[in-house]
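**Student:** Got a structure here, written out as C-alpha cells. Questions coming.
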Amino acid sequence: MAEALKWLIALGMACLFTAPITTVAAEEQQLEAVVVSGLQPGPGLWQVRKGDHVLWVLGTLEPLPRDIEWETDEAALVIGQSQQVLLSPVGKLSADVGFFGGLALLPTALGARKNPDKRTLSELMPAELHARWELLKRQYLGRGRGIEKKRPLLAANKLYSRAIARNGMTLEPLVDKQVQKLAKRARVAITRPTLAIRLDDTRSALKEVAATDLDDLRCFEETLDRLEQDLDTMRDRANAWAVGDIEALAELPFVDQRQSCANAILSAAAIRERGLEDLPERMGEVWLEAAEAALAVNRSTFAVLPLRQLLATDGYLSTLQARGYEVVAPALSPPSGS
C-alpha cells in the first residue's frame, strides 16, 4: 500500500472540507475549556427544494465540544421519512501495488513523512517562528524531540489536534457517525459521494514525495496563529453549534488554516504532475451531482455537509441556488430553553 501518497492526498482533501485578536503568550493561555456539555440540540436543518422534493441538510463543524450529546429527535424523524442519506464527499485512492509491493515501499513511505536530507524544523524556518513553536509544543506536546524531524505540516497537525483536546473539544466526526447510525436503524440507504483517484506510477511518485520539500511553512505558521489567537473563538463557535445559534455561527470570525495546508499539499510537484491539484473542485462536483440526482428521484433526502459549505457564498448550497433550486435556511436563533 502506498501509504505516503494516500496520507498526502487524504490530508489535502481533509483540509478542505476576522476581527483583530490580541495575541496571548502560550504559557499564559488558560487550559480550562469553557465549553457546553450534556444534551444539546445542534443547529436546525437547511432545505434545498425542487417542487415537492426536499434535500434536508445538517451543517457539521469541527471542533465541537467533546462532552456534548447531540439531541437527534429532529434528525431521526427526517431520516426516517427519507429515501436516502447523503454524506460528505471523499476521495478514494487506488494504486498499482499489491500487499507485498506495499511492504517493499514501506521505507520510502515512512521517509516521506520526514523532511528531506534529515533536516529538523529549526533548520527549515526562521528562529522567531521556531521559538513560537517551542512554546506551544512544550504546552501541548511536552519536550520530546522526535517530532522535530517531521514535516512542518505534520508537526502542526499533531500540535493542533492535541491543543483541541486539551481545550475540551474534539475533531472526531461525532455527528456524521450518529447520522449513519440513525440511517441504519431506519433502514435508509446511505450514499457517500466518492471521487475515484487512480495512480499508475506509485513507486516514482513516492520517491518524489520523499525527496521534495512541501511549501508548508505558511500552513505551519497559520496553525500557530490559530492556537495563539483563535482558541476562544473556536470554543464560541463550538458552543454556538451545540445550542443551535446559527446567527452566532454566521457572525463569528472563522479563521481556518486548513486552506493553506491543503494548498501546500495540492501544489506539490508530485501532485500537480499527476493532475490531482484540482481535487477539491472535483469532489465538490461529485457531491453536487449526487445531490441533484437525489432531488430528482427522492421526495426526501437527508444530507450532512461541513457548515462552511452552507454559509459560504461559494459553497455547495450557493451553487445549487445558482442552478435554480430554492434554498431555505433554518431559524437564526437557538431553540427556546437552550
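Residue numbers 3 to 340, in the numbering used here, belong to the letters of the sequence shown in order.
All residues carry an ideal CB built from backbone N, CA and C; glycine is no exception.
1. Under 8 Å Cβ to Cβ from L216, same chain only, skipping five residues before and after it: list those, please.
2. Output the boundary residues of the alpha helix (DSSP H) element that contains L268.
3. List the whole-angstrom C-beta distance separating A252 from L313, where the pair is believed to meet the contact cut-off of C-beta under 8 Å.
4. Using only CA atoms, which one of W135, R187, Q180, F256 lies nearest to Y162?
5. Leaving aside the five residues before and after A188 along the sequence, list all residues of the same chain whose C-beta is less than 6 Å from its C-beta, in chain order.
6. Buried or exposed: where does D119 fall if 16 or more other Cβ atoms within 10 Å of its Cβ makes it buried?
7. Spell out a yes or no on whether the stretch 314 to 322 and the stretch 64 to 73 are touching, meaning 3 or more CB-CB pairs, one atom from each, closer than 8 Å.
8. So does the stretch 55 to 66 actually touch the stretch 272 to 286, counting three or more Cβ pairs closer than 8 Å?
9. Short of 6 Å in beta carbon distance, which residues of its chain neighbour I149, apart from the five on each side in sequence? Order them along the chain.
10. Tell me whether G170 is buried or exposed, calling it buried when 16 or more other Cβ atoms sit within 10 Å of its Cβ.
11. Does the Cβ-Cβ distance between V245 and V38 come in under 9 Å?
12. Return yes when the Cβ of L66 is within less than 9 Å of the Cβ of L176, no when it is not.
13. Bridge partners of K116, per DSSP?
14. Helix, strand or coil for A333 per DSSP?
15. How far does the beta strand (DSSP E) with L60 in it reach, from first residue to last?
16. One question on the structure: do S262 and R310 come within less than 9 Å of each other, judged by their Cβ atoms?
17. Grab the span of the alpha helix (DSSP H) containing E224 for me, first residue to last.
18. Starting from E283, trace the alpha helix (DSSP H) both ways and give me its first and last residue.
19. Name the DSSP bridge partner or partners of F304?
20. Per the DSSP calculation, G40 is bridged to which residue(s)?
21. Would you check if the stretch 319 to 334 and the stretch 42 to 49 touch, i.e. whether three or more CB-CB distances between them fall below 8 Å?
22. Any idea what DSSP makes of R200, helix, strand or coil?
23. Starting from V177 and walking both ways along the alpha helix (DSSP H), at which residues does that stretch end?
24. From T321, G326, T303, L226, pick the residue whose C-alpha is nearest to that of A77; which is it?
25. Sort A133, V257, R68, N117 by Cα distance to R164 and report the nearest one.
26. Compute the Euclidean distance between the alpha carbons of E283 and F256, then round it to the nearest angstrom.
27. Is it buried or exposed, G326, if we count other Cβ atoms within 10 angstroms and call 16 or more buried?
28. Assuming T193 is part of the beta strand (DSSP E), what are its boundary residues?
29. In angstroms with no decimal places, state the Cα-to-Cα distance between S90 and L138.
30. Could you give the distance in angstroms between the alpha-carbon of P43 and the alpha-carbon of H132?
31. Under the rule that 16 or more other beta-carbon atoms within 10 Å means buried, what is A293, buried or exposed?
32. Mapping the DSSP letters down to three states, classify R237 as helix, strand or coil.
33. Mapping the DSSP letters down to three states, classify G46 as helix, strand or coil.
34. Report the three-state DSSP secondary structure of R140 (helix, strand or coil).
35. Look at V306 and L60 and say whether their C-beta atoms are less than 9 Å apart.
**Tutor:** Let me lay it out:
1. R153, P154, L155, A266, I267, A270
2. From DSSP, the alpha helix (DSSP H) with L268 extends over 260 to 268.
3. 6 Å
4. W135
5. I81, G82
6. With fewer than 16 other Cβ atoms within 10 Å, it is exposed.
7. no
8. With a cut-off of 8 Å, the stretch 272 to 286 and the stretch 55 to 66 do not count as touching, because too few Cβ pairs lie within range.
9. A157
10. buried
11. yes
12. The answer is yes: Cβ separation under 9 Å.
13. K116 is bridged to K152.
14. In the structure shown, A333 falls within a coil segment according to DSSP collapsed to helix, strand and coil.
15. 55 to 62
16. No, the pair does not count as a contact, with Cβ atoms beyond the cut-off.
17. 219 to 231
18. For E283, the enclosing alpha helix (DSSP H) starts and ends at 281 to 299.
19. Per DSSP, W58, V87.
20. I70
21. yes
22. strand
23. 176 to 188
24. T303
25. R68
26. 21 Å
27. exposed
28. 191 to 193
29. 32 Å
30. 41 Å
31. buried
32. helix
33. coil
34. helix
35. Yes, the pair counts as a contact, with Cβ atoms nearer than the cut-off.
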